[in-house]
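Participant:
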Amino acid sequence: MSLWLDWSLEGVGSAGEEAADVDAAIRALDISVARSRRAFDSDRPWQELKTSADAMKIQILDEGAKVLESGQAWASTIGGVQVKLTPR
0 MSLWLDWSLE GVGSAGEEAA DVDAAIRALD ISVARSRRAF DSDRPWQELK TSADAMKIQI
60 LDEGAKVLES GQAWASTIGG VQVKLTPR
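Quick note: the sequence shown, position 45, residue 44 per numbering that gives the first Met the number 0, numbers continuous.
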């Protein structure tokens, strides 16, 4: 199932892209979080963002996947990470 992924990382920015499936959406989020490291002057805020993103990935694979299977959009916010997945 193709998805549209919208995400926002506090202190960094937001973006959107098409993802082939939930696993591809998680990879895109991982890449974005890794790239966001350079936006922070110190390691602590980025580590907090990364911790939130790691929790988000678990939620995407559980609750998010279930909602998407029913054909509905899913959205969540954990810490400084916001994600919305919309079936295409």
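C-beta atoms are modelled at their ideal positions from N, C-alpha and C, and glycine is treated no differently.
Pick from Ser-1, Val-82, Asp-20, Gly-78: whose alpha carbon is nearest that of Gln-46?
Facilitator: It is Gly-78 whose Cα lies nearest to the Cα of Gln-46.
Participant: Could you compute how far the alpha carbon of Gln-58 sits from the alpha carbon of Phe-39?
Facilitator: Taking the straight line joining both Cα atoms gives about 25 Å.
Participant: Is Ser-51 buried or exposed, if buried means 16 or more other CB atoms sit within 10 Å of its CB?
Facilitator: Buried is the call here.
Participant: Leaving out five residues on either side along the sequence, give the residues of the same chain with a beta carbon under 8 Å from the beta carbon of Lys-49.
Facilitator: Answer for Lys-49: Val-32, listed in chain order.
Participant: Excluding five sequence neighbours on each side, which residues of the same chain lie with their C-beta closer than 7 Å to the C-beta of Ala-27?
Facilitator: Same-chain partners within the cutoff: Leu-4, Glu-16, Ala-18.
Participant: Can you tell which of Ala-23, Ser-7, Ile-30 has the C-alpha that lies nearest to the C-alpha of Leu-60?
Facilitator: Ranking Ala-23, Ser-7, Ile-30 by Cα distance to Leu-60 puts Ala-23 first.
Participant: With distances taken from CA atoms, which of Asp-42, Ser-41, Leu-8 is nearest Asp-29?
Facilitator: Measuring from the Cα of Asp-29, the nearest candidate turns out to be Leu-8.
Participant: Opposite Thr-85 in the DSSP bridges: which residues?
Facilitator: Its beta-bridge partners are Trp-3.
Participant: Relative to the alpha-carbon of Leu-2, which residue among Val-11, Ala-72, Val-80 has its alpha-carbon at the smallest distance?
Facilitator: Residue Ala-72 is the option with its Cα nearest to Leu-2.
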